[in-house]
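Residue numbers (this note's numbering): 350 to 528. Glycine included, each C-beta is placed from N, C-alpha and C at the ideal position. Taking it in order: structure first as structure tokens, then the write-up.
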């Protein structure tokens with residue numbers, strides 16, 4: 350008797366578990382729900398590069414076309430790499446060694462290596478440690494480098510506030526150490 354009741358209960362559960370599949374347009378429903386929740390989607394559109402007045406910036410040092418052009422030049426300038434740990438590493442890396450534009454401003458490897466590496470590849474994937482550098486002397490990030498894309502919108506880039514200090518970490522500069 351128990352077996353019959355058990356089989357009957359399972360059949361009833363299966364019968365009530367069956368539902369008609371909803372073939373509605375889920376994407377439209379989700380987009381409508383998102384629009385309702387966030388309001389005007391225009392608030393989330395990023396400005397174009399030509400519209401620099403819409404990019405968040407410091408009133409102390411506003412963006413200009415000349416500064417943008419200079420920034421693009423300096424991003425690829427190896428002359429800033431003049432304080433390498435060993436002479437063989439001098440002037441061998443740039444910001445773009447770890448923040449590769451064609452790779453979303455990130456390296457195409459787990460860690461970008463600045464000082465103590467050579468090579469590049471197409472998107473930084475072939476940049477490897479120089480054999481002459483000791484393992485503990487290379488300049489590789491402890492975590493994957495942040496993309497430097499849209500950092501104008503970020504108030505604190507690093508966990509310790511060392512980048513983005515004109516916001517919530519003002520006055521903590523003495524705790525950052527040297528870079």
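Query	Result
At the level of alpha carbons, what is the spacing between residue 448 and residue 360?	60 Å
Expressed to the nearest angstrom, what Euclidean distance is found between the alpha-carbon atoms of residue 403 and residue 420?	18 Å
If you check the beta carbons only, do residue 471 and residue 488 fall under 9 Å apart?	no
Could you tell me which uninterrupted beta strand (DSSP E) segments, each at least 3 residues in length, are contained entirely in the segment 404-443, listed from first to last along the chain?	none
Kindly list the residues whose CB is nearer than 7 Å to the CB of residue 426, restricted to its own chain and excluding five residues on each side of it in sequence; keep chain order.	443
Short of 8 Å in beta carbon distance, which residues of its chain neighbour residue 431, apart from the five on each side in sequence? Order them along the chain.	439 and 440
Going along the chain, which residues of its own chain have a beta-carbon closer than 6 Å to the beta-carbon of residue 528, five neighbours each way excluded?	A caution first: residue 528 carries a pLDDT of 48, below 50, which makes its placement in the model too unreliable to give a value.
Look at residue 465 and residue 498 and say whether their C-beta atoms are less than 9 Å apart.	no
Could you please give me the residues that DSSP links to residue 462 through a beta bridge?	489
With distances taken between CB atoms, is the gap from residue 435 to residue 482 smaller than 9 Å?	yes
Could you spell out the range, first to last residue, of the alpha helix (DSSP H) harbouring residue 356?	351-366
For residue 473 and residue 457, which I take to be in contact (beta-carbon distance under 8 Å), what is that distance rounded to the nearest angstrom?	5 Å
Have a look at residue 389 and residue 396 and give me their C-alpha separation to the nearest angstrom.	15 Å
In whole angstroms, what is the alpha-carbon distance linking residue 367 and residue 379?	24 Å
Look up residue 528 in the DSSP assignment and say whether it is helix, strand or coil.	Below a pLDDT of 50, predicted positions are generally treated as unreliable, and residue 528, at 48, falls in that range; the measurement from the model is reported next regardless. Residue 528 falls in the coil class under three-state DSSP.
From which residue to which residue does the alpha helix (DSSP H) around residue 381 run?	375-387
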